[in-house]
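The structure appears below as structure tokens.
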Amino acid sequence: MRLTNEHRASQTAIDGIARPELTANGLLHAAAQEHSEDMANQDFFDHYNPVEKNTFDQRIKTAGYDFSAAGENIAAGTGLFSPQKVVDAWIASPGHNENLLDPRFTELGVGYHFLANDTGKENHYIYWTQKFGNPK
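Per the numbering used here, residue 7 is the first one in the sequence shown, and the count goes up by one each step.
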């Protein structure tokens, strides 16, 4: 969360677009953690869960978070073993960076899961999820 807020603040200093500091939200955290675990344990890497057949916004609603705006970033792989490496990868990706910098978002939840014996078709071992929101 700190790294995301630092990036938002540094970009505001460059472009002048006001972005609120993101605050932690337990419901978003629960949804993010669940998605990271699901990707690892159900052997997929996607914003759409093909096993439970739900989308990122459906998962946020199911967690009990009522939002006016929401977004999701995911990452996976053994090279993404630290929060700094993950945030750097998201910054380098235009779509993910758009979520990081979206001024509509005010709250954030983060999920992380390490699957030591990751032997399925998706062998990433490390799974990250960010859930962004702006409550109604």
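Cβ atoms here follow ideal geometry from the backbone N, Cα and C, with glycine treated the same way.
Residue i beta carbon near the ligand PLP (any heavy atom closer than 7 Å)
i, result
"His53", "The ligand PLP is absent from the structure shown, which contains no ligands of any kind."
Supposed close pair residue i, residue j - CB separation, criterion 8 Å
i, j, result
"Arg14", "Leu107", "6 Å"
"Gly139", "Ala38", "Not confirmed; about 10 Å, so no contact."
"Asp72", "Lys137", "Asp72 to Lys137, Cβ: 14 Å. No contact."
C-beta neighbour in chain B for residue i, strict 8 Å
i, result
"His35", "Note that chain B does not occur in the displayed structure, where there is just one protein chain."
Cα-Cα separation, residue i to residue j
i, j, result
"His102", "Asn79", "6 Å"
"Ala75", "Gly83", "28 Å"
"Glu131", "Tyr118", "In the sequence as displayed, the identity of residue 131 is Tyr instead of Glu. So the alpha carbons of these two residues sit roughly 11 Å apart."
"Asp124", "Glu43", "12 Å"
"Glu12", "Leu28", "10 Å"
"Lys67", "Leu34", "9 Å"
"Thr10", "Ala95", "12 Å"
"Gln64", "Ala19", "34 Å"
"Ala170", "Gly85", "Because the chain in this structure spans residues 7 to 142, residue 170 falls outside the shown range and cannot be described."
"Trp134", "Ala81", "5 Å"
"Ser16", "Ala98", "15 Å"
"Gly77", "Asn105", "6 Å"
Opening and closing residue of the alpha helix (DSSP H) in which residue i lies
i, result
"Asp21", "8-21"
"His41", "32-47"
Contiguous beta strand (DSSP E) assignments of at least 3 residues, all confined to the stretch 58-103: The qualifying runs are 73-82.
Sufficient close CB pairs (3 or more, under 8 Å) joining the stretch 109-120 to the stretch 50-58: Because the criterion of three Cβ pairs below 8 Å is not met, the stretch 109-120 and the stretch 50-58 do not touch.
Every unbroken beta strand (DSSP E) inside the stretch 107-138 [3 residues or more]: Entirely contained in the stretch 107-138, the beta strand (DSSP E) runs reaching 3 residues are, in chain order, 113-120.
Sufficient close CB pairs (3 or more, under 8 Å) joining the stretch 38-51 to the stretch 88-98: Cβ pair count under 8 Å is below three, so no.
At least three beta-carbon pairs within less than 8 Å, the stretch 60-71 to the stretch 18-25: Three or more beta-carbon pairs separated by less than 8 Å are not found between the stretch 60-71 and the stretch 18-25, which leaves the two stretches without contact.
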